[in-house]
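**Student:**
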Amino acid sequence: MRKATVLLLAFLALAGCGRVWNDPYPAIERDANILYSSFTERPKTLDPAKSYTSDEWDFISQIYEPPLQYHYLKRPYELIPQSAAAMPVVRYIDANGVALKADAAARDVAYSDYEIRIRPGIQFQPHPAFAKGADGQPLYLGLTEDDIKRRFILADFPQTGTRELIAEDYVYQIKRLAHPRLSSPVFSHIADYVVGLKELGALLQEANKNIVAAHQAKFGASDQGPPWIDLREFALRGVTVVDRYTYRIRVKGKYPQFLFWLAMPFFAPVPVEAEQFYTQRGMNDGRNLTLEWYPVGTGPYMLAENNPNARMVLTRNPHFRGEAYPAEGAPGDREEGLLVEAGKIAPFIDRIVYARERESIPYWNKFLQGYYDRSGVDSDQFDQAVKISFEGEAALSEDMERRGIQLRTSVGTSTFYMSFNYLDPVVGGPSARKLRQAISIAMDWEEFITIFQNGRGLPGMGPIPPGIFGHLEGEASINPIVYDWVDGKPRRKPIEAAKRLLAEAGYPSGRDAKTGAPLVLYLDTVQRGPGDKARLDWYRRQFAKLDIQLEIRATDWNRFQEKLRKGNTQLFFIGWNADYPDPENFLFLLHGDQGQSKFSGENRANYSNAEFDSLFDRMKGLPNGPDRQAVISRMVRIAQDDAPWLFAYHPKDYRLMHAWLKNVKPNQMARNGIKFQRIDVAERAAKREAWNGPVWWPVIALIVLLGASAIPAYAGYRRRERMAARRAPVRA
Amino acid sequence: MFAYIIRRLAYAIPILIGVNILTFALFFVVNTPDDMARMQLGAKRVTPEAIEKWKLEHGYDRPLLFNSEAAGIERIASTIFFEKSVKLFALDFGNADDGRSIGHEIRTRMWASLALAIPVFLVGLAVHVTFALILAFFRGSYLDFWGVVVCVAMMSISSLFYIIGGQYLVSKLLALVPISGYAAGMDAWKFVILPVVIGVIHNIGSSTRWYRTVFLEEIFKDYVRTARAKGLSERVIMFRHVLKNGMIPILTGVVVVIPSLFLGSLVTESFFGIPGLGTYTIEAINSQDFGVVRSMVFLGSVLYIVGLIATDISYTLVDPRVRFD
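If you're matching them up, the sequences are chains A and B in order.
Residue numbers for the first sequence follow the numbering used here, so the first one is 1 and each next one is one higher.
Residue numbers for the second sequence follow the numbering used here, so the first one is 733 and each next one is one higher.
1. State the Cα-Cα distance for the pair Ile-464 of chain A and Pro-581 of chain A, rounded to the nearest angstrom.
2. The ligand ADP heavy atoms versus the CB of Leu-204 of chain A: any closer than 6 angstroms?
3. Just the Cα atoms here: how many angstroms apart are Arg-250 of chain A and Gly-621 of chain A?
4. For Arg-634 of chain A, I'd like the list of residues in its chain whose CB is within less than 7 angstroms of its CB, leaving aside the five on either flank, ordered along the chain.
5. Starting from Trp-445 of chain A, find everything on chain B with Cβ-Cβ shorter than 8 angstroms and list it in chain order.
6. Of the residues B:Val-956, B:Ile-1041 and B:Glu-1015, which one's Cα is nearest the Cα of Glu-41 of chain A?
7. Assuming Thr-694 of chain A and Leu-906 of chain B make a contact with CB atoms under 8 angstroms, what is their CB distance in whole Å?
8. What residues of chain B sit near Tyr-52 of chain A, judged by a beta carbon separation below 7 angstroms?
9. Quick one: is Met-312 of chain A buried, meaning 16 or more other Cβ sit within 10 Å of its Cβ, or exposed?
10. Unbroken beta strand (DSSP E) runs of length 3 or more, entirely within the stretch 551-619 of chain A: which are they?
11. Can you tell which of A:Pro-518, A:Gly-225 and A:Pro-265 has its C-alpha closest to the C-alpha of Asn-827 of chain B?
12. Contact check, Asn-208 of chain A vs Arg-181 of chain A under 8 angstroms by CB: the rounded distance?
13. For a contact defined as C-beta to C-beta under 8 angstroms, what are the partners of Asn-763 of chain B on chain A?
14. Going residue by residue through the stretch 621-665 of chain A, where are the continuous beta strand (DSSP E) segments of at least 3 residues, counting only ones entirely within it?
15. Please report the Cβ distance between Tyr-418 of chain A and Leu-646 of chain A, rounded to the nearest whole angstrom; I am assuming they are in contact, meaning their Cβ atoms lie under 8 angstroms.
16. Grouping DSSP H, G and I as helix and E and B as strand, with all else coil, what is Ala-732 of chain A?
17. Can you grab the Cα-Cα spacing for the pair Val-762 of chain B / Ala-782 of chain B, in whole Å?
18. If you measure from the beta carbon of Trp-786 of chain B to each beta carbon in chain A, is any gap under 7 angstroms?
19. Have a look at Ala-202 of chain A and Arg-628 of chain A and give me their C-alpha separation to the nearest angstrom.
20. Please look up how many angstroms separate the CB atoms of Ser-51 of chain A and Pro-265 of chain A, rounded, as I've assumed it's under 8 angstroms.
21. Output yes if chain A places a C-beta closer than 7 angstroms to the C-beta of Pro-1007 of chain B; else output no.
22. Determine, for Lys-962 of chain B, whether the minimum Cβ-Cβ distance to residues of chain A falls below 7 angstroms.
23. Helix, strand or coil for Ser-1019 of chain B, going by three-state DSSP, please let me know.
24. Give a yes or no on whether the minimum CB-CB distance between Asp-1044 of chain B and chain A is below 7 angstroms.
25. Quick one: Cα of Thr-144 of chain A to Cα of Ala-217 of chain A, how far?
26. Could you give the residue range of the beta strand (DSSP E) that holds Ala-395 of chain A?
27. Going along chain B in order, which residues have a C-beta closer than 9 angstroms to the C-beta of Gln-384 of chain A?
28. Measure how close the beta-carbons of Arg-841 of chain B and Pro-991 of chain B come, nearest whole angstrom, since I'm counting them as under 8 angstroms.
29. On the DSSP bridge list, what partners appear for Asp-484 of chain A?
30. Consider the Cβ of Thr-1000 of chain B: report whether some Cβ of chain A lies at a distance smaller than 7 angstroms.
31. Which of the residues in the stretch 610-629 of chain A, read from start to end, lie with their CB under 8 angstroms from any CB of chain B?
32. By Cβ distance below 8 angstroms, which residues in the same chain neighbour Ala-15 of chain A in space, the five residues on each side in sequence not counted?
33. Using C-beta distances below 6 angstroms, list every residue in its chain close to Lys-662 of chain A, excluding the 5 sequence neighbours before and after it, in chain order.
34. Quick one: Cα of Ile-574 of chain A to Cα of Glu-447 of chain A, how far?
35. Can a CB atom of chain A be found closer than 7 angstroms to the CB of Ile-911 of chain B?
36. What residues from chain B crowd round Asp-23 of chain A, counting only those whose CB sits closer than 8 angstroms?
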């Protein structure tokens, strides 16, 4: 007995001296160079032609390499070559095929040719699609159903190979955007620009119909394996291979924003062998052996484990050529230590493990324990992590500082707004301008940001967020309909000004001047739960300042979207996150041709203004500079004056990271920066051990307590066992 | 018995058809195929053509229940309902809207659900029955009184409290097990031990009270008095006689849930990051994936029917008076 007690105490003493019990990772990973991150939503697809969500891009941006990328450190965002050898050469051509000067006016430009030369020698990641036998023939590109029947994961194809990246791979992917079986979300938009893509789409649609019909006649209507369509056999007029490493894209008109598209996964190379491999009959028969599940790229990492229910694992691509850490950055980067690694060859991290975390509480606690290297800041944890000074500056709480956690903030390239439906007879059209202006003044978004965003946001002055060309600072930036410039800062106009505008709009004291009926407006919103009540009450209070009654029409997401599409709304709240850092990507949301109800576009307000539309068409083709700024300022001024949106706010992004994670700079546009990050593995292991020493005494105390309570229980049991029979109660 | 089981299985067919129709109707009252397409295609730059294409590819381009443009049997057969429902009866679940095999997902995820559910069930049953027997043994004492009070208090607390409190206390403050996560095989123990303990504790209140009531009812029966009169000890009476005779009402509630253990727990799996079937179902509901929703509802119905049949069979094992004929 005494020996057992000594052993137990020794075990507990050892347990308390550094052994970590709550580590969710295998012991073998303790000193490994691994970045631990998390994801909430399982990715729907990792196919670069289809994927269009930031969650999915977190993965595929490490795997696929479009020709261009955003500079990791420089701000404003700057495009630089990635797999391209240099920035694309752009040539402008008129309707007669004559080359124009680089500064040609947009109206003269019929086509723009983008010639892209890629770096020679780039290799694809190891993959069975490239495997070849001793005879030089592909090992796995002519498999029968029987060959595939016994294989369920990619590792069941043991041989792998690689090959050099060539221009044809980029052209193949652009053709994939028109593939009828892929339904690429950007096909319609890109087809409006890339010459011949729309025609290719129609051609492929027809070809696919015949192929599928023949296939279904043979295998039945529900068969999952229609054969491969070799897109190399279909010409795409506007996209040509110039030589092994060069390709050219012809775009209609002058569309400088096309360069930004070349930094998105939609334009990353996909090898023809991969598609041929995955479309073999039987691959998609419940096995998920598809390009959507197993990507094939040239980037610094490759997907080693795809288990979206639990975790996704990326490992270093052994064929990656290496990329030098940037030698220049934005002002202040050197002081923050972001240029210490300048010129060193990345990637620095061997593996990235993304664990699935659906709930914020366990995720946050694991971050605090050191089991995640970085974290966002949820509203629930905001007060624990961040303190806001009287000047409105965000700083870490003492607890976070004690742990050595760092805070990085950046303003998101997003705009949230409350929109009027411009087609609505009450709040829409030019006649209701003053009504909209009055409401613009009454809605106190500064208060909204304080209450509902924990101060994480900047009040909106126009559609363009900070950090994007066209957004101005200082007095020139303010919305003069809503703000005055007082003492060097914007001040919201008094509510009396709003009431005056309301009276001029025909609603003095919130009543129709002709009928005397109270003005009732309707806000359509998605009701997500009881937590929304405070926000909706706040909206009502803002309108009540003008004696306007606001009725909330809560619905589900589907019906809400349907109402927007059909234009059956008066007011709604929504946001837009930039595809690329150009004002065109925000101002197009107010372009008449984008009206959602009429043209199924992204202009959900259905706003229309001839001057705005005309200026937009001009602005689109201008290079960044004073001319473009002047046009943008005029457009923003029109939008402020017409007030189809209540410009609510631009959110601020707060990121926390442990001290052992180095070289981190938030980048709202790019997600491929992990290759430049570094982990001090020894520091992490030491901190984890220090923070997670097991505490056993409460468990021992509980066991002792239970043991002690067993004694009186046993005594009671014995007493009852020995108890004589009691006399039955005497009945009357 | 064989004839009885066959008869019960035959009764199940109309029930399953009814469940299928009800699931279909409820789902499509709330969602349209267009909504499903939009959910899968995302919020940005979705054109009507892309939606039509998605519906065509996923078999949602047909009428829901009746195809007036078709002729003969095709009026029924060429509909979304027929296409998506008939194969279920052969346990062919088809693919989810993201193109992945539902059958494969179920086969993969059920082990994680079982790794959690089976220990909770077995340990829970043992602990709850033991506590109930102790309370029944000490009936009328302070221990019984305060035991019932504690049970009522524990019943009144939300499961979320146990989960969040348990994670905070055991994983964060005491740092004894990981807060969340999962590993397959033998490594799973360190991830499931806390949710199992929480699952057992969470159900102590309701289960112990119920079992105590059952045992108390037995304790006052004539055969117990006779056993006492014969001089049997209380321990023998409780464990050999009262426990055995109290099993019928217990089995009614217990055996029926055994097949449903496959379906997992929505909240526990979500908070502990266990990739089981509970989270699969809730994700499908959130993403409006009809294929998965109907498969899980169908599977749940089948398992429930199997559970009811198993309950009937179990009666014959614990009570010789019960016979199928």
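Glycine included, C-beta positions come from ideal geometry on N, C-alpha and C.
**Tutor:** With the structure as the only source:
1. Looking up residue 464 of chain A in the first sequence gives position 464. Looking up residue 581 of chain A in the first sequence gives position 581. Their Cα atoms are separated by approximately 10 angstroms.
2. With respect to the ligand ADP, the structure offers nothing, as it holds no ligand at all.
3. Within the first sequence, residue 250 of chain A is the residue found at index 250, counting from 1. Within the first sequence, residue 621 of chain A is the residue found at index 621, counting from 1. In a straight line, the C-alpha of Arg-250 of chain A is about 16 angstroms away from that of Gly-621 of chain A.
4. On the first sequence, residue 634 of chain A is found 634 positions in, with the first residue counted as 1. Closer than 7 angstroms at Cβ, skipping near neighbours: Leu-615.
5. Reading the first sequence from its first residue, position 445 is the one you call residue 445 of chain A. Those within 8 angstroms of Trp-445 of chain A in chain B number zero; the least Cβ separation is about 23 angstroms.
6. Numbered from 1 along the first sequence, position 41 holds the residue referred to as residue 41 of chain A. Closest by alpha carbon: B:Glu-1015.
7. The count along the first sequence starts at 1 and reaches residue 694 of chain A at position 694. The count along the second sequence starts at 1 and reaches residue 906 of chain B at position 174. A small correction: the amino acid at residue 694 of chain A is Pro; Thr does not occupy that position in the sequence shown. Between Leu-906 of chain B and Pro-694 of chain A the Cβ distance is about 7 angstroms, and since that is below 8 angstroms, they are a contact.
8. The count along the first sequence starts at 1 and reaches residue 52 of chain A at position 52. The contacting residues are Gly-774 and Lys-776.
9. Sequence index remark: in the first sequence, residue 312 of chain A carries index 312 (1-based). Met-312 of chain A is buried by the Cβ-count criterion.
10. 571-577
11. Within the second sequence, the letter at position 95 stands for residue 827 of chain B. Among A:Pro-518, A:Gly-225 and A:Pro-265, the Cα nearest to that of Asn-827 of chain B is on A:Gly-225.
12. To locate residue 208 of chain A, count along the first sequence from 1; it is residue 208. To locate residue 181 of chain A, count along the first sequence from 1; it is residue 181. That pair is a contact at about 6 angstroms.
13. Position 31 of the second sequence, counted from the start, is the residue given in the question as residue 763 of chain B. The answer, in chain order, is Asn-558.
14. 645-657
15. Stepping through the first sequence from its first residue, residue 418 of chain A is reached at position 418. Stepping through the first sequence from its first residue, residue 646 of chain A is reached at position 646. It is worth fixing the name first, because residue 418 of chain A is Met in this sequence and not Tyr. With 8 angstroms as the limit, Met-418 of chain A and Leu-646 of chain A qualify as a contact, their Cβ atoms being about 4 angstroms apart.
16. As a working mapping, residue 732 of chain A is identified with position 732 in the first sequence. Only weak support is given to the placement of Ala-732 of chain A: the predicted model assigns it a pLDDT of 47, under 50, and the question is left unresolved by the model.
17. In the second sequence, the residue the question calls residue 762 of chain B occupies position 30. In the second sequence, the residue the question calls residue 782 of chain B occupies position 50. About 22 angstroms.
18. The residue given as residue 786 of chain B occupies position 54 in the second sequence. True, the Cβ-Cβ gap to chain A drops below 7 angstroms.
19. Along the first sequence, read from residue 1 onward, the residue named residue 202 of chain A stands at position 202. Along the first sequence, read from residue 1 onward, the residue named residue 628 of chain A stands at position 628. Straight-line Cα distance between these residues: approximately 37 angstroms.
20. By one-based count along the first sequence, residue 51 of chain A stands at place 51. By one-based count along the first sequence, residue 265 of chain A stands at place 265. 6 angstroms between Cβ atoms; contact.
21. Numbered from 1 along the second sequence, position 275 holds the residue referred to as residue 1007 of chain B. Cβ-Cβ to chain A under 7 angstroms: yes for Pro-1007 of chain B.
22. Residue numbering aside, residue 962 of chain B sits at position 230 when the second sequence is read from its first letter. For Lys-962 of chain B, the answer is no, since every Cβ of chain A falls outside 7 angstroms of its Cβ.
23. Looking up residue 1019 of chain B in the second sequence gives position 287. Residue state, collapsed to three classes: coil.
24. Numbered from its first residue, the second sequence carries residue 1044 of chain B at position 312. Chain A contact via Cβ: absent.
25. Reading the first sequence from its first residue, position 144 is the one you call residue 144 of chain A. Reading the first sequence from its first residue, position 217 is the one you call residue 217 of chain A. Taking the straight line joining both Cα atoms gives about 19 angstroms.
26. As a first step, residue 395 of chain A is located in the first sequence; it is residue number 395 there, counting from the start. From DSSP, the beta strand (DSSP E) with Ala-395 of chain A extends over 394-396.
27. Counting from one through the first sequence, the residue named residue 384 of chain A turns up at place 384. Here the premise fails: no neighbours, minimum Cβ distance about 13 angstroms.
28. For the purposes of this step, residue 841 of chain B is identified with residue 109 of the second sequence, where counting begins at 1. For the purposes of this step, residue 991 of chain B is identified with residue 259 of the second sequence, where counting begins at 1. Not confirmed; about 16 angstroms, so no contact.
29. Here residue 484 of chain A refers to the residue found at position 484 when the first sequence is read from its first residue. Paired residue(s): A:Arg-491.
30. One-based indexing of the second sequence puts residue 1000 of chain B at position 268. Judged by the 7 angstroms Cβ criterion, Thr-1000 of chain B is not in contact with chain A.
31. none
32. Counted from its first residue, the first sequence places residue 15 of chain A at position 15. Its pLDDT being 45, under 50, Ala-15 of chain A is placed unreliably by the model, and the measurement read from it follows with that caveat. Only Trp-21, Pro-694 and Trp-696 meet the Cβ criterion.
33. On the first sequence, residue 662 of chain A is found 662 positions in, with the first residue counted as 1. Excluding residues within five positions, the ones whose Cβ falls inside 6 angstroms are Arg-678.
34. Counting from one through the first sequence, the residue named residue 574 of chain A turns up at place 574. Counting from one through the first sequence, the residue named residue 447 of chain A turns up at place 447. Their backbone Cα atoms lie some 18 angstroms apart in a straight line.
35. Within the second sequence, the letter at position 179 stands for residue 911 of chain B. Closer than 7 angstroms to some Cβ of chain A, the Cβ of Ile-911 of chain B qualifies, so yes.
36. The sequence position of residue 23 of chain A within the first sequence is 23, counting from 1. Simply Pro-910.
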